[in-house]
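Remarks on the structure that follows.
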Amino acid sequence: MPKATVDREYLHWLDGFRSRARAEGISDATLSAAFRSPHLDTDALAKINNQAEFTKTLWSYLESAVSESRIENGRAAMIAHDQLLRQIEARYGVDRQVVVAIWGMESAYGSHRGTHPVIPALATLAYGSRRGKFFEGQLIDALRIIQHGDTTPEKMTGSWAGAMGHTQFIPSSYRALAVDWTGDGRRDIWSDDPADALASTANYLAESGWIHGQPWGVEVQLPQGFDYGLADGDAARMPSDWARLGVVGMDGQPVRDFGTARLLLPAGHKGAAFLTFKNFKVISRYNAADAYVIGVGHLADRIMGGAPILSDWPDDERALTSGERKELQMRLKQAGFDPSGVDGRIGPMTIKALRDYQRAVGVVPDGYASLEVLRRLR
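Numbering (my numbering), first residue to last: 68 to 445.
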């Protein structure tokens, strides 16, 4: 389609959007400031329509997410902002190293906050992506932020998908949970001063139910002959009860009873195992991917001097592509093990179907979506 045609269609969409925004309380002055020179953000459109087919394995992801340089920079950030972080921890009851770990994961401690103008990116994605309704909601919230006076359209920068500032808040999360720590009347998560952003992140975790002093998870070892059906994500036990089943810390001792814990096998029976606590779920409210939660939690532990993950990973294996994940689900369904949809997302129902299939064919029922199990299904 010729660019001029696309632009005309976009401008027509924008006229309709302005009417919807006015109905949501956005003023003409805000709309004029935000759309002074409206244009399609072709970069954002290209990125959302061409997201990678291949994904990293957890262990290769952790190599970069929890690199030695990120650990060292995190320790330096803890020292540089010690007083601020202790005050934020005291106010919100969120362990400061976890706030710093999210900062490190999201923007490399503020060094990569994103330079993409957020308004054109969100408007383009609202107009031209499959998740248009979601992005239009984010665009309305971004305009409310501008209207409130927290920032200007020019200063509202972030990622191509509209995540903003030091800790990459999307507009709806910002409106609900950002705070003005510095007391200057603006919740400025874009400033070189990270105070508002770090306090906002602590507030986010606190409102999500953070338990101070509880770990996100602890690496554990499993006994010979362990029943992998117990690692189904539903079975929550106190660590002392897990210990009676032979699940203990890497030092051979029972894990402390920090609260009920679930057993997580992110690489199946061939990789590390973790007992995960409620704070694992809290971090997942920030980003639901298990890899992200483990990355944040492990980075926080390493910043505080904790040990690296000690178990081996199946380094010779690769992650399934999106197409292979869909094929896996399709073949499970054809074999009589319903994954509840073929969408390429390995969620609880797909894992359950995988376990049931693995039991039926006599292999370890760890629910891990590997190339090995896909080949067996073929």
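The beta-carbon is built from N, C-alpha and C at its ideal position, and this holds for glycine as well.
Could you tell me whether the Cβ atoms of residue i and residue j are closer together than 7 Å?
{"i": "I350", "j": "L265", "result": "no"}
{"i": "N354", "j": "W283", "result": "no"}
{"i": "L210", "j": "L189", "result": "no"}
{"i": "A298", "j": "V161", "result": "no"}
{"i": "T109", "j": "E173", "result": "no"}
{"i": "L112", "j": "G195", "result": "yes"}
{"i": "F325", "j": "Q291", "result": "no"}
{"i": "L366", "j": "A168", "result": "yes"}
{"i": "P220", "j": "A101", "result": "yes"}
{"i": "W227", "j": "H179", "result": "no"}
{"i": "L152", "j": "R163", "result": "yes"}
{"i": "N270", "j": "Y159", "result": "yes"}
{"i": "S240", "j": "R352", "result": "no"}
{"i": "F404", "j": "D382", "result": "no"}
{"i": "P238", "j": "D208", "result": "yes"}
{"i": "A427", "j": "T122", "result": "no"}
Run through DSSP, which three-state label would residue i get?
{"i": "Q235", "result": "coil"}
{"i": "A356", "result": "coil"}
{"i": "H106", "result": "coil"}
{"i": "H183", "result": "strand"}
{"i": "V330", "result": "Residue 330 is actually Leu in this sequence, not Val. Note: L330 maps to strand in three-state DSSP."}
{"i": "T191", "result": "helix"}
{"i": "H79", "result": "helix"}
{"i": "S267", "result": "helix"}
{"i": "G411", "result": "coil"}
{"i": "G372", "result": "coil"}
{"i": "A303", "result": "strand"}
{"i": "H336", "result": "strand"}
{"i": "R442", "result": "helix"}
{"i": "I278", "result": "coil"}
{"i": "E91", "result": "coil"}
{"i": "S178", "result": "coil"}
{"i": "D208", "result": "helix"}
{"i": "T417", "result": "helix"}
{"i": "D405", "result": "coil"}
{"i": "D74", "result": "helix"}
{"i": "F201", "result": "helix"}
{"i": "Y435", "result": "coil"}
{"i": "I256", "result": "coil"}
{"i": "V165", "result": "helix"}
{"i": "Y134", "result": "A small fix is needed here, since residue 134 is Ser in this sequence, not Tyr. If DSSP states are grouped into helix, strand and coil, S134 belongs with coil."}
{"i": "G171", "result": "helix"}
{"i": "V322", "result": "coil"}
{"i": "E384", "result": "coil"}
{"i": "S378", "result": "coil"}
{"i": "T97", "result": "helix"}
Could you tell me the alpha carbon to alpha carbon distance between residue i and residue j, rounded to whole angstroms?
{"i": "A339", "j": "L377", "result": "8 Å"}
{"i": "S136", "j": "D260", "result": "22 Å"}
{"i": "T224", "j": "L395", "result": "39 Å"}
{"i": "S331", "j": "V322", "result": "Residue identity check: residue 331 is Leu in the sequence provided, not Ser. Approximately 15 Å between the Cα atoms of the pair."}
{"i": "W80", "j": "W257", "result": "29 Å"}
{"i": "I186", "j": "L444", "result": "46 Å"}
{"i": "R198", "j": "G229", "result": "13 Å"}
{"i": "G316", "j": "F341", "result": "9 Å"}
{"i": "G250", "j": "D263", "result": "9 Å"}
{"i": "G390", "j": "R253", "result": "45 Å"}
{"i": "A402", "j": "V409", "result": "14 Å"}
{"i": "Y176", "j": "L244", "result": "20 Å"}
{"i": "I115", "j": "A310", "result": "45 Å"}
{"i": "G232", "j": "W277", "result": "22 Å"}
{"i": "S86", "j": "R412", "result": "36 Å"}
{"i": "W248", "j": "L125", "result": "35 Å"}
{"i": "F201", "j": "K222", "result": "23 Å"}
{"i": "V431", "j": "Q425", "result": "6 Å"}
{"i": "A157", "j": "H279", "result": "10 Å"}
{"i": "G364", "j": "A356", "result": "12 Å"}
{"i": "L107", "j": "E76", "result": "10 Å"}
{"i": "D255", "j": "I146", "result": "22 Å"}
{"i": "D149", "j": "G373", "result": "19 Å"}
{"i": "T388", "j": "L438", "result": "10 Å"}
{"i": "V314", "j": "S131", "result": "29 Å"}
Would you list the residues sitting across from residue i in a DSSP beta bridge?
{"i": "L297", "result": "None, per the DSSP bridge assignment."}
{"i": "G284", "result": "T343"}
{"i": "G316", "result": "V287"}
{"i": "T224", "result": "P184"}
With a cut-off of 8 Å on the beta carbons, I'd call residue i and residue j a contact; round off their distance for me.
{"i": "T327", "j": "A303", "result": "4 Å"}
{"i": "A334", "j": "Y128", "result": "So it is not a contact: roughly 11 Å between Cβ atoms."}
{"i": "I370", "j": "R142", "result": "6 Å"}
{"i": "Y295", "j": "D379", "result": "Contact doesn't hold; Cβ gap of about 17 Å is too wide."}
{"i": "G300", "j": "P406", "result": "That pair is no contact at about 15 Å."}
{"i": "Q214", "j": "I93", "result": "6 Å"}
Against chain C, does residue i count as a neighbour if the rule is that its beta carbon must be under 7 Å from one of theirs?
{"i": "G216", "result": "Within the model displayed, chain C is absent; a lone protein chain is all it includes."}
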